[in-house]
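Asker: Shown below is the structure under consideration.
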Amino acid sequence: MKLTNRRAVNKPVLAGLLTVEMDAQAEMLFALDRQSGERLAHVVRPSQGLIKLILPFRYTQSNELIIGIVDGDREFNASVLDGVKLELVDQNTADTAQP
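Each residue of the sequence shown is one higher than the one before, starting from 41 at the first, in the working numbering.
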């Protein structure tokens, strides 16, 4: 009997990647499911303004995602984008690093 050394191979874990470069005046980002109204994400703007989030796979195949940005002092109107489809990525290898 011969034993061989086999390395584990990670199976792909498919998901959606949301990448948003937020305006300097925006202070918060939110993501909502259009059908249920469920809040999927709520993120305070990082100093660099770039946000990368992994969200469920189904948002790569449907247009049921709403993304919005708001400012904290209500000087500007909210900006909302409806019908967003995410980039399909493998969670094992997706680059979600914030600069």
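From the three backbone atoms N, C-alpha and C, an ideal C-beta is built for every residue, glycine too.
The structure presented is a predicted model; accordingly, all values stated were derived computationally and were not measured.
1. Which term fits R98, buried or exposed, when burial requires 16 or more other beta carbons within 10 angstroms of its beta carbon?
2. DSSP state of R85, grouped into three classes?
3. Would you call L72 buried or exposed, if buried means 16 or more other Cβ atoms sit within 10 Å of its Cβ?
4. Got a sec? Which residues, its chain only, sit under 8 Å from Q138 by beta carbon, not counting five neighbours each side?
5. Please list the segments of the beta strand (DSSP E) lying wholly inside the segment 47-123, counting only runs of 3 or more residues, in order along the chain.
6. Going by C-alpha distance, which of A64, L57, N50 and M68 is nearest G112?
7. Are the beta-carbon atoms belonging to L95 and L126 less than 8 Å from one another?
8. Rounded to the nearest angstrom, what separates N50 and V129 at their Cα positions?
9. Based on DSSP bridge pairs, tell me the residues matched to D130.
Answerer: Judging by the given coordinates:
1. It is exposed - the Cβ of R98 has fewer than 16 other Cβ atoms within 10 Å.
2. Coil at R85, not helix or strand.
3. By the 10 Å Cβ count, L72 comes out buried.
4. Beyond the five residues adjoining it in sequence on each side, Q138 comes within less than 8 Å, by CB distance, of P86, Q88, L90, I91 and K92 in the same chain, given in chain order.
5. Listed in chain order, they are 54-61, 68-73, 79-84, 90-95, 105-110 and 119-122.
6. Comparing alpha-carbon positions, the option among A64, L57, N50 and M68 lying closest to G112 turns out to be M68.
7. Yes. Within cutoff.
8. Rounded to the nearest whole angstrom, the C-alpha separation of N50 and V129 is 14 Å.
9. Answer is L54.
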